[in-house]
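Report on the following structure.
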Amino acid sequence: MSRVEKQPTLSSSLPDAGGRFGDFGGRYVPETLTRALDELSTEYASAKADPAFQAELDQLLKSFVGRPSPLYHAKRLSAAMGGAQIWFKREDLNHTGAHKINNTLGQALLTLRMGKKRVIAETGAGQHGVASATACAHFGLPCVVYMGAEDVRRQKPNVFSMKLMGAEVRPVTSGSKTLRDAVNEAMRDWMASVEDTHYIIGSVIGPHPFPMMVRDFQSVIGRESRAQSLEIFGRLPDTIVACVGGGSNAAGMFYPFIEDAEVRLLGVEAGGLSAEPGQHASPLTHGSPGVLHGSFSYVMQDEDGQTSPVHSVSAGLDYPGVGPEHSYWKDLARVDYTECQDGAALETFDKVARSEGILPALESSHAVAKALEVAATMRSDQIVLVCLSGRGDKDAAEIARLTGRDY
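Structural data, given as structure tokens:
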């Protein structure tokens with residue numbers, strides 16, 4: 002199997018000691034957090050090298066989460082598009098209904114290892130909040146989840162689930178009342194409580210070591226996909242597609258394939274309503290390098306460097322930044338990034354439901370919409386693999402409201 006001819010700066014061994022992926026990443030935080038981040042870096046390095054830690058996590062992923070998640074052949078969609086065969090990596094079948102649980106269990110184990118007594122988290126669509134509440138309930142840790150008030154309105158089923166599992170959900174009413182504001186409030190809490198609290202960040206964002214650590218925990222998606230592809234197809238897929246908000250499911254899916262030149266990797270951002278500023282959430286498509294939530298990456302910002310408003314029909318993609326490793330991959334042209342608008346994502350949600358009997362999360366619907374377009378241009382003996390990052394039950398009420406249907 003051929004491997005990519007390495008460019009001078011393309012490497013899967015990053016970040017470096019300073020938490021940099023090329024020019025991106027690093028740490029841009031108040032001094033208050035430096036000691037906690039150093040402690041986390043040291044503890045994570047120790048855990049990564051500890052077979053007992055990995056064995057406990059692997060057992061949890063198998064018996065509690067239900068891994069490995071299967072690959073599924075979307076035969077009717079493939080036939081309808083008349084091109085490549087479309088397959089789904091079924092992260093929606095995980096316990097709690099999304100890929101988020103892979104990361105929260107790993108970070109909850111680290112919380113116990115560090116002797117921290119309390120967990121905080123942020124959430125947009127609620128899936129990371131539910132996964133954090135689930136991991137904390139499993140280990141008996143108190144959990145506070147910050148969530149934008151607009152997202153609380155859009156994702157009531159997930160808010161109820163978090164409360165059922167004992168988490169306190171704190172609505173954030175500042176700014177746009179969405180994910181960016183929830184991260185801001187979680188950061189403020191962490192600065193005031195860092196001695197006894199661990200902040201379980203939900204995506205490949207934030208200061209070092211979070212982007213690396215979350216990518217590593219989510220890479221189980223790509224490792225499984227790689228092994229399953231070789232077993233089922235006898236080769237790797239031709240194209241892999243994943244949605245990108247902060248970018249955790251995409252980073253986990255892409256990372257094990259990053260040196261396989263024959264595999265095209267396609268990340269899909271939220272194109273919202275239009276390309277006008279404030280009408281989308283596509284920093285890799287329309288943004289520029291800047292600092293947000295503790296790291297240097299592509300960000301939606303104005304001429305003064307202030308973070309710009311963003312919009313997406315999907316609460317989970319409604320974020321003005323992206324993980325720094327995605328920025329690195331973009332600048333090296335290893336991953337192609339594009340966008341999908343709200344209307345196409347909503348149409349695809351219906352199409353997948355009626356063609357395959359699967360309700361994809363609105364986040365995942367962005368990826369599937371682009372996958373259908375790409376598949377239609379390919380040969381019938383080629384393969385497009387899409388990361389179905391979560392299930393769409395959580396979005397049903399909001400979709401009914403937006404489309405004027407009864408719920």
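Going by our numbering, the residue at position 171 of the sequence shown is 172; the numbering climbs one at a time, nothing skipped.
Where a beta carbon is used, it is the ideal one built from N, C-alpha and C, also for glycine.
For residue 312, DSSP records no beta bridge to any residue. Inclusion of residue 270 and residue 338 in the CB contact set at 8 Å is warranted, their separation being smaller than that value. Taken atom to atom, the span from the alpha-carbon of residue 209 to that of residue 242 is near 26 Å.
By the Cβ-count criterion, residue 161 is exposed, with fewer than 16 other Cβ atoms from all chains shown falling within 10 Å of its own Cβ. Residue burial annotation: residue 168 is buried, with at least 16 other C-beta atoms found within 10 angstroms of its C-beta.
Just measuring C-alpha positions, the residue of 115, 191, 88, 13 sitting nearest residue 237 is 88. Shown here, residue 359 sits in coil according to DSSP, grouped into three states, outside any helix or strand. Secondary structure at residue 87: strand, using DSSP grouped into helix, strand and coil. Taking a contact as a CB-CB distance under 8 Å, the pair residue 212 and residue 325 counts as one, their CB atoms being some 5 Å apart.
Here DSSP, grouped into helix, strand and coil, assigns residue 199 to strand.
Using a Cβ distance threshold of 8 Å, residue 100 and residue 253 count as a contacting pair. Judged by beta-carbon spacing, residue 75 lies within the 8 Å limit of residue 357, meaning their Cβ atoms are closer than that value. In this structure, the alpha-carbon of residue 123 lies about 5 Å from that of residue 147.
Note that the C-beta distance between residue 202 and residue 105 is not below 8 Å. In terms of CA proximity to residue 402, 154 leads the group 176, 340, 328, 154. Straight through space, the alpha carbons of residue 102 and residue 28 are spaced by roughly 25 Å.
Look at the beta carbons and you see the stretch 23-42 touching the stretch 292-302: at least three pairs across the two are nearer than 8 Å. Note: residue 182 is not bridge-paired with any residue in the DSSP secondary-structure output.
Secondary structure note for residue 253: its alpha helix (DSSP H) is the uninterrupted segment 249-255.
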